[in-house]
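Chemist:
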Amino acid sequence: MELLVENETGETIYRIKGAFFLIATGSSPHNPSHVPFDRERILDSTRLLSIDRLPKSLLVLGGGTIGSEYASFFAALGVDVTLVDKGKMMLPFLDQEISLHLQNALTKIGLKFLSGRIVTEITLGKEEVHTTFADGSELESEMVLYALGRVANVEQLSIERAGISLNNAGFIPVNAFFQTCVSHIYAAGDVIGTPALASTSMEQGRLVARDAFGVKTHPFPDFYPIGIYTIPEISSCGYTEQQLNDLGFHFSIGRAYYYEIARNQISGNDPGMFKILFHTETLQILGIHIIGRAATELIHIGQVAMSFNARIDYFIDQIFNYPTYAEGYRIAALNGYNKLKDRLL
Ligand SMILES: Cc1cc2nc3c(=O)[nH]c(=O)nc-3n(C[C@H](O)[C@H](O)[C@H](O)COP(=O)(O)OP(=O)(O)OC[C@H]3O[C@@H](n4cnc5c(N)ncnc54)[C@H](O)[C@@H]3O)c2cc1C
-18 MELLVENETG
-8 ETIYRIKGAF
2 FLIATGSSPH
12 NPSHVPFDRE
22 RILDSTRLLS
32 IDRLPKSLLV
42 LGGGTIGSEY
52 ASFFAALGVD
62 VTLVDKGKMM
72 LPFLDQEISL
82 HLQNALTKIG
92 LKFLSGRIVT
102 EITLGKEEVH
112 TTFADGSELE
122 SEMVLYALGR
132 VANVEQLSIE
142 RAGISLNNAG
152 FIPVNAFFQT
162 CVSHIYAAGD
172 VIGTPALAST
182 SMEQGRLVAR
192 DAFGVKTHPF
202 PDFYPIGIYT
212 IPEISSCGYT
222 EQQLNDLGFH
232 FSIGRAYYYE
242 IARNQISGND
252 PGMFKILFHT
262 ETLQILGIHI
272 IGRAATELIH
282 IGQVAMSFNA
292 RIDYFIDQIF
302 NYPTYAEGYR
312 IAALNGYNKL
322 KDRLL
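Numbered according to our numbering, the sequence shown spans residues -18 to 326.
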C-alpha cells in the first residue's frame, strides 16, 4: 500500500510505502458556515487562544467539556459569563450529582447557566454580538465562544479512495483493535470520536503499534479516568448513578464532602465531594466521582483499586497519610459502608 503526500498546490512530494498505516489526524472545532467566526469576538476554542484582552461579558455556547472549562476560567477571572446548552445540565455525561455540584460552585462565582436553549443565529453588532435562540430569546455579549462539537480532520485525506467512509457522527469507525474496514489501516485518537482525550488517544496509538507489529496486547480498558479542568476540577472513573439505575444494579453510595477532610480545612475550605458507588451485596466498587481540588490526581487511587476489583471496605482497612485529600476515600467508604452495617453483621 502507498500513501501520497501532497504539498499545498497539490503536487505529490512523497510516496510512502507501508504494510500498515495509522490515521491520527485529530479533530477541529465545528465551524458551521452560518456562524461569522473572526479572531476577536466570535470564537471557537482555537481562536480563543489568540485574544489579547478579557471581555466584559462572554456567552459560551455548549456545556460540554470545552465550554464548561472555558466558562469556569473566565468566570473565575471576573468576566460576566453566561453558559447556554440545549440540555438540562452542564456536562450531562457525568454523574448528575457532580454536574449539579459544579453548577452550584460556578453560580457562586457569578456564572449564569441557561438550559434548554438551541442557538439559531449569531450576528456581529457594532460593539456586541447578538445571539438568537429557537425559543425567540436573544442575548447580547461582547464575545461568544462557540463550543458546539468537534469534527474529524479527514477533509484532505481522501480516505474514500482507500475504501473508508465515515460513520453518522462524522468519525472513522474502527473495531476493538482500532482497525478500519480496511484491516491494514488503523485509526486512533480524536479522528475516531469519543472519548477524544489526550490520555485515551495515546493509549489507543500504543495499542495500534503493538497490534500492527504482532505483539500480544490487551484490549482498550472498559474503565479509564476522565479529567475535567473546570473550577473546581472533576474526575471520574466507572459507572455513574444514572447508568447503574438504568442497568438495574443493586448499589449503595458513600459520600465525603471536602469540608469533612482535614487537609481541605487547612488549605482553605474549597468546595468538593467524593462519591463512591458500590455493589450492595458484593461491595465491589462500581464508580468513583470526585469534584474539588486535586480531583484529577486523586482519581488514580480509585482507578487502581477498581482495576483490582477492590471492595469498598478496602479503603476503610487502609491507613492514609494525615492530613491529605486522599483521606476522602476513607471517609466516603465509611459513610457508604456504615449505611449497610446492620445487614452485614
Ligand atoms: C480546548 C481543549 C482542551 C483539551 N483538554 C484536554 C485535557 O485536559 N485532557 C485530555 O486528555 N484531553 C484534552 N483535550 C483533547 C485532546 O487535545 C485530544 O483528545 C488529543 O489531542 C487527540 O490526539 P490526536 O493525536 O488524536 O489528535 P491531535 O493531537 O489533534 O493531533 C493530530 C495531528 O495531525 C495533524 N494533521 C491533521 N490533518 C492532517 C493531514 N491531513 N495531514 C497530516 N497531518 C495532519 C494535526 O496538525 C495534528 O498535529 C482537549 C482538547 C481541546 C480542544
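Glycine included, each C-beta is placed from N, C-alpha and C at the ideal position.
Can you tell me whether DSSP reads M287 as helix, strand or coil?
Modeler: Reduced to three states, the DSSP call for M287 is helix.
Chemist: Excluding the 5 residues preceding and the 5 following I280 in the sequence, name in chain order all residues of the same chain whose CB lies nearer than 8 Å to its CB.
Modeler: Result list for I280: P206, G208, S216, S217, C218, I269, I271, in chain order.
Chemist: Going by the beta-carbon positions, is the gap between E123 and E108 smaller than 9 Å?
Modeler: Yes. Within cutoff.
Chemist: Quick one: is the Cβ of E50 within less than 8 Å of any heavy atom of ligand 1?
Modeler: Yes, the Cβ of E50 comes within 8 Å of a heavy atom of ligand 1.
Chemist: Along the alpha helix (DSSP H) that carries H270, what are the first and last residues, could you check?
Modeler: Note, H270: premise wrong, no alpha helix (DSSP H); beta strand (DSSP E) at 266 to 272.
Chemist: Taking the beta carbon of P73 as the centre, do at least 16 other beta carbons fall within 10 Å, making it buried, or is it exposed?
Modeler: With fewer than 16 other Cβ atoms within 10 Å, it is exposed.
Chemist: Grouping DSSP H, G and I as helix and E and B as strand, with all else coil, what is M183?
Modeler: Correct three-state label for M183: helix.
Chemist: Note down the Cα distance separating T161 from K(-2), rounded to an integer number of angstroms.
Modeler: Distance between the alpha carbons of T161 and K(-2): 18 Å.
Chemist: Can you give the beta carbon distance from F201 to L188, rounded, assuming they're within the 8 Å contact cut?
Modeler: About 6 Å separates the two Cβ atoms, so the contact holds.
Chemist: Using the rule of at least 16 other Cβ atoms within 10 Å of the residue's Cβ for burial, across every protein chain shown, is A157 buried or exposed?
Modeler: Per the 10 Å Cβ criterion, exposed.
Chemist: Measure the alpha-carbon distance for R(-4) versus Q137 and round it to whole angstroms.
Modeler: In a straight line, the C-alpha of R(-4) is about 16 Å away from that of Q137.
Chemist: Give me, in chain order, the residues of the same chain whose beta-carbon lies closer than 6 Å to that of G309; leave out the 5 immediate sequence neighbours on both sides.
Modeler: Answer for G309: A237, I242, F255, listed in chain order.
Chemist: Ligand 1 and R28: does the residue's C-beta get closer than 8 Å to at least one heavy atom of that ligand?
Modeler: The answer is no for R28.
Chemist: Is L64 helix, strand or coil when you go by DSSP?
Modeler: If DSSP states are grouped into helix, strand and coil, L64 belongs with the strands.
Chemist: Should the stretch 221 to 232 be regarded as contacting the stretch 68 to 87, the criterion being three or more beta carbon pairs within less than 8 Å?
Modeler: As far as the Cβ criterion goes, the stretch 221 to 232 touches the stretch 68 to 87, which means the pair count is three or higher.
Chemist: Would you identify the three-state DSSP class for H15, choosing helix, strand or coil?
Modeler: Note: H15 maps to coil in three-state DSSP.
Chemist: Taking 8 Å as the cut-off, does the stretch 31 to 38 touch the stretch 87 to 97 (at least 3 CB pairs, one atom from each stretch)?
Modeler: No contact exists between the stretch 87 to 97 and the stretch 31 to 38.
Chemist: Could you have a look at L279 and say whether DSSP puts it in helix, strand or coil?
Modeler: In the structure shown, L279 sits in a helix (DSSP, three-state: H, G or I).
Chemist: So what's K93 in DSSP terms, helix, strand or just coil?
Modeler: Strand at K93.
Chemist: With a threshold of 8 Å, establish whether the CB of Q137 neighbours any heavy atom of ligand 1.
Modeler: Yes, the Cβ of Q137 comes within 8 Å of a heavy atom of ligand 1.
Chemist: Just checking N(-12) against ligand 1 - is the residue's beta carbon closer than 8 Å to any of the ligand's heavy atoms?
Modeler: No.
Chemist: Can you tell me the Cα-Cα spacing of G317 and I212, whole angstroms?
Modeler: About 27 Å.
Chemist: Run through the DSSP bridge pairs and tell me what S217 is partnered with.
Modeler: DSSP output for S217 lists I207, H270 as bridge partner(s).
Chemist: Quick one: grab the DSSP three-state call for H82.
Modeler: Correct three-state label for H82: helix.
Chemist: Could you tell me which whole beta strand (DSSP E) segments of length 3 or greater appear in the stretch 97 to 172?
Modeler: Complete beta strand (DSSP E) runs here, min 3: 100 to 105, 110 to 114, 119 to 122, 124 to 127, 131 to 133, 166 to 168.
Chemist: How is the alpha helix (DSSP H) around R311 delimited, first residue to last?
Modeler: Per DSSP, R311 belongs to the alpha helix (DSSP H) from 308 to 319.
Chemist: If you run the structure through DSSP and keep just helix, strand and coil, what is L228?
Modeler: It is helical.
Chemist: For the beta strand (DSSP E) holding S38, just list the boundary residues, first then last.
Modeler: Residues 38 to 42.
Chemist: Should S146 be labelled buried (16 or more other beta-carbon atoms within 10 Å of its own) or exposed?
Modeler: S146 is exposed by the Cβ-count criterion.
Chemist: Determine the contact status of V100 and T113, defining contact as a CB-CB distance below 9 Å.
Modeler: Cβ atoms of V100 and T113: closer than 9 Å.
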